[in-house]
Amino acid sequence: MTSYADTYAAWKADPDGWWMEQAQAIHWDRAPSRALDDSKAPIYAWFADGLTNTCYNAVDRHVEDGRADQVAIIWDSPVTGAQQKITFAELRDRCASVAGALEARGVEKGDRVIIYMPMVPEAVIAMLACTRIGAIHSVVFGGFAASELATRIDDAKPKAIIAGSCGIEPNRTVAYKPLLDAAIDQAAHTPEFCIIFQRDQQRAELIEGRDVDWVAAQEGVSPADCVPVEGSHPCYILYTSGTTGQPKGVVRDTGGHLVALNWSMKNIYGVDPGEVFWAASDVGWVVGHSYITYAPLIHGNTTVVFEGKPVGTPDASTFWRVMAEHKVASFFTAPTAFRAIRREDPEARHMQGHDLGHLRQIYLAGERADPDTIEWLQDVSGKPVYDHWWQTETGWTIVGNPVGIEPLPVKLGSPTVPMPGYEVHILGEDGAELPDGELGAIAVKLPLPPGTLPTLWHAEDRFRKAYLNSFPGYYETGDAGRKDADGYLWIMARTDDVINVAGHRLSTGLMEEVLATHPAVAECAVVGVADDLKGQLPMGFLTLGRDCDTPHEQVVKEVVQLVRDKIGPVAAFKLAVVVDRLPKTRSGKTLRATMAKIADGENFKTPATIDDPAILDELRERIAAIGYPKA
118 MTSYADTYAA WKADPDGWWM EQAQAIHWDR APSRALDDSK APIYAWFADG
168 LTNTCYNAVD RHVEDGRADQ VAIIWDSPVT GAQQKITFAE LRDRCASVAG
218 ALEARGVEKG DRVIIYMPMV PEAVIAMLAC TRIGAIHSVV FGGFAASELA
268 TRIDDAKPKA IIAGSCGIEP NRTVAYKPLL DAAIDQAAHT PEFCIIFQRD
318 QQRAELIEGR DVDWVAAQEG VSPADCVPVE GSHPCYILYT SGTTGQPKGV
368 VRDTGGHLVA LNWSMKNIYG VDPGEVFWAA SDVGWVVGHS YITYAPLIHG
418 NTTVVFEGKP VGTPDASTFW RVMAEHKVAS FFTAPTAFRA IRREDPEARH
468 MQGHDLGHLR QIYLAGERAD PDTIEWLQDV SGKPVYDHWW QTETGWTIVG
518 NPVGIEPLPV KLGSPTVPMP GYEVHILGED GAELPDGELG AIAVKLPLPP
568 GTLPTLWHAE DRFRKAYLNS FPGYYETGDA GRKDADGYLW IMARTDDVIN
618 VAGHRLSTGL MEEVLATHPA VAECAVVGVA DDLKGQLPMG FLTLGRDCDT
668 PHEQVVKEVV QLVRDKIGPV AAFKLAVVVD RLPKTRSGKT LRATMAKIAD
718 GENFKTPATI DDPAILDELR ERIAAIGYPK A
C-alpha cells in the first residue's frame, strides 16, 4: 500500500503524468492527449481535447459494466414520510427521458438550464439529463427569493427552467411556482419554456404556452443519447454570493470534474464502488453537486438523497436512523448539523437502537469544525471524525485526511494536509511566505488541480480580480490560517475575520475554539466590532444547551475569563451576548459579516441565503442591551 507522502510526491514530480493516470478511470469517447493546457495561463484548462460525457460516466457505463440492478439513489424524505430506491438501469432510462424532453424542445449542447427543485430524485435526474445532452445546468436552491433567482436568470440566460411546484419544510410548505413566476417577471431575460414537477403536497398552476408538466413533457419524445463534449466544456454554473451583491457564477468543467471527483471517493472518503455514501446537504450547494449527485454515481456508489433536517424531522434521531437503515458506509455533513443534534440530545439517547455497524467514518466541512464538536461526535458514535476543507470554487477537498490511501493522525482543529494537486502556502500581506506557526493568507500555487473552477461565467476579469490578482501566481482562498512543522494546515478564519486589536492580528476562530469548551455553550461565533481606542474588539455570541440553567450573566463572565486564561489579555475579549440562535445560511454557515455590521450600526442587505431573517431582529436587541452600536 502506498503512503500519502509517496502519493503527494508522485503528483508533484510529474503533475501531468499523474493526472493522466487518474484519467484512465474515466470513460473517454476520445482520450485526451495531455492533462493540462496552460497556453492561456493563468486561465488553465484540463483534459481540454478529450471527449466524454458526465451522464454516461455517472450512469450508463455502470449499467453496461454489470451494475444495472444496483441501487443508484436512495431517496429518504422524513418530511413527507416517503422513500424511493432507483437502480442504475432505472436512472439511465429516466435521465434519457428527461433529456429527450429537453432536446425535443430545442435544448442543445451549450444551452443553459436553471434547476429550481426541492430535495427529490427528480432534481438529480434533471441535473444528469442536462449533462447527457451537453446542456449547462445551474441549480438554484429551491425556495430562493424571486429577486435572487432573477439575477441568476439574467446572468445564465437559460433556454429552459426546471422547477418543483413546492418544497417541504418541517412546519410548512413553500410554494416555488409563485417565486419562479415573479423571478421571470423581474428578469430581463425570459426562458423559452419551464418544466414543472408537480408534488402532491401543493400543485402549481401552469401558465399556458410557457409551462409544461414534468410527466407530460416526456410523453411521446424519444429518449436522448449521451452527447460527447470536450473535457473543457462547462458541466455546470453554480452561483456563490459576491461582495458586490452580484452573484459569482463558478464554472465547473467536464473532464477535470469527472477525474477529480472519481479519485476523491476512494482516496479521501474511503469507499468502494457498490457501497452507500451519504452527504447530508442540498443540491443547491456545492456539496450537493459534488457529493450527492456526481462523485458517488461516477464512482459507482449508491447515493442518499435526504429531504429533512438533523432535528425536527421528527427529532434528533433522524441522521442515526438513515445511516442505520440504509447501511451508510461513509457520511459527510456540516458541523452545524451535529451541533444542532448535540443541543437537542447531548447524551445521544436518540442513537440507541440504531445499528451503525456499516458506518466507518464521518466527515465534516463547510465551516470550521471546532474540536469540542468533533470530540463529542467521536465519543457518542465511536467512529473516526475527519474535518476537511474546501470551497464552492474548488469543488472538492483542498486539505483533508486521505483515508483511502493512509489514514493520518488527527490533530483536533486541523483538517490535516493538502491533497495531490494543491500546493498550499501561507503568505503575508506582501506575498512573502511566512514561517511555520504564523497566521497569514492561505493561497494555492497555480495551476489549481482538475475539478476546480477554470473561471467565472462570462466574467474573466472578475475572476482574476477576485482570486488571482492579490498574489500573482497563486489562487487566493480568502481564508486565513497557519501551517505547523508536520505540514498540517490550521484554518483559523476568513481573511476578513482576522481582526486587528491594538495592532495585534487575532483569529476569531481561535477565540471560538476556546468559547466552545465551556460546558454551557452549544454554539458560538466571534466577530470584530469597531472600537475608537483599539481599532477593533472581539464580540462573542453564544447559544446555550437546552438543559443549561446557569444565569446568562454568569456564563458571559466565565467565557470572558476563559479567553483571558487560554489566549491572554491581548485578545481584549470582554463583550459577549447570549442569543437563542445564530443567524445562518441554509447551508449552515454563520453570517458573521452581517452580525458585525449590526453591532457597528452599519447598513446592510439581508443575505438572500439566510435561513430565518427574524433572527436578525433578536440579535439587534441583544447587542443593544450591552450598549452597541456605540452612539
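Under the numbering used here, the letters of the sequence shown match residues 118 to 748, in that order. No residue lacks a Cβ here, since even glycine has one placed at the ideal position from N, Cα and C. In this text, all values refer to a predicted model and were calculated from it rather than measured experimentally.
Could you tell me if residue i is buried or exposed, where buried requires 16 or more neighbouring beta carbons within 10 angstroms of its beta carbon?
i    : result
K365 : buried
S156 : exposed
Q478 : buried
T435 : buried
D596 : buried
D578 : exposed
L708 : buried
P730 : exposed
G499 : exposed
N518 : buried
P552 : exposed
N617 : exposed
N288 : exposed
K294 : buried
H575 : exposed
P686 : exposed
Q200 : exposed
Once the 5 residues before and after residue i are set aside, which same chain residues still bring their CB inside 7 Å of it?
i    : result
A647 : Q653, D717
E675 : H635
C343 : N170, C172, Y173, D177, R249
I60  : There is no way to answer for residue 60, as the model of the chain reaches only from 118 to 748.
A334 : A218, I312
F455 : T490, L494
K446 : Reading the sequence as shown, one finds Ala at residue 446 and not Lys. The residues are V388, E392, V393, F394, H475, L476, R477.
Between which two residues does the alpha helix (DSSP H) holding residue i run?
i    : result
A245 : Note that residue 245 is Leu in the sequence shown here, rather than Ala. Here the alpha helix (DSSP H) through L245 covers 238-249.
S194 : Counting along the chain, S194 falls outside any alpha helix (DSSP H), though it belongs to the beta strand (DSSP E) covering 188-194.
C212 : 205-221
W402 : Looking at the DSSP string, W402 is not in any alpha helix (DSSP H), and its letter there is neither H nor E.
A441 : 435-442
E676 : A small fix is needed here, since residue 676 is Val in this sequence, not Glu. Note, V676: alpha helix (DSSP H), 669-683.
R781 : This structure does not reach residue 781, given that the chain is present from 118 up to 748, and the question cannot be answered.
F580 : 577-580
L570 : Segment: none, L570 is in no alpha helix (DSSP H) and carries neither H nor E.
L375 : 372-384
G557 : G557 -> not in any alpha helix (DSSP H); beta strand (DSSP E) instead, spanning 557-562.
Along the chain, where does the beta strand (DSSP E) that runs through residue i open and close?
i    : result
F658 : 652-661
E640 : 638-648
R316 : Per DSSP, R316 belongs to no beta strand (DSSP E) and is neither H nor E.
T268 : Counting along the chain, T268 falls outside any beta strand (DSSP E), though it belongs to the alpha helix (DSSP H) covering 263-273.
M609 : 606-611
Are the Cβ atoms of residue i and residue j separated by less than 8 Å?
i    : j    : result
R749 : A397 : Residue 749 falls outside the range modelled here, since the chain spans only 118 to 748, and no answer is possible.
Q749 : W380 : Limits of the chain in this structure are 118 at one end and 748 at the other, which puts residue 749 out of reach.
L296 : L266 : yes
A639 : R466 : no
P235 : I285 : yes
E484 : G705 : yes
R211 : I242 : yes
H471 : K444 : no
I232 : A240 : yes
A189 : Y411 : no
L659 : V516 : no
H306 : L355 : no
R599 : L563 : no
P260 : V291 : In the sequence as presented, Pro is not what sits at residue 260; that position holds Gly. Closer than 8 Å, so yes.
A633 : D504 : no
K651 : A689 : yes
G281 : F314 : yes
I253 : R229 : yes
Below 6 Å CB to CB, which residues in the same chain sit around residue i once its five sequence neighbours on both sides are set aside?
i    : result
H179 : F205, G417
C665 : A637
T453 : G705
V256 : I232, V400, G401
W128 : W135, P537
P501 : Q478
Quick one: what's got a C-beta closer than 8 Å to residue i's C-beta in the same chain, skipping five residues either side?
i    : result
T572 : I160, V368, F580
S120 : I522, E523
The ligand ADP and residue i: does any heavy atom of the ligand fall closer than 7 Å to the residue's C-beta?
i    : result
D432 : The ligand ADP is not part of this structure, which contains no ligands at all.
* Where are the alpha helix (DSSP H) runs, 4 residues long or more, that stay fully inside the stretch 451-486, in chain order? -> 452-461
* Asked: Which runs of the alpha helix (DSSP H) fall wholly inside the stretch 476-546 and span at least 4 residues, in chain order?
  -> 488-498
* Asked: Which runs of the alpha helix (DSSP H) fall wholly inside the stretch 327-359 and span at least 4 residues, in chain order?
  -> 331-335
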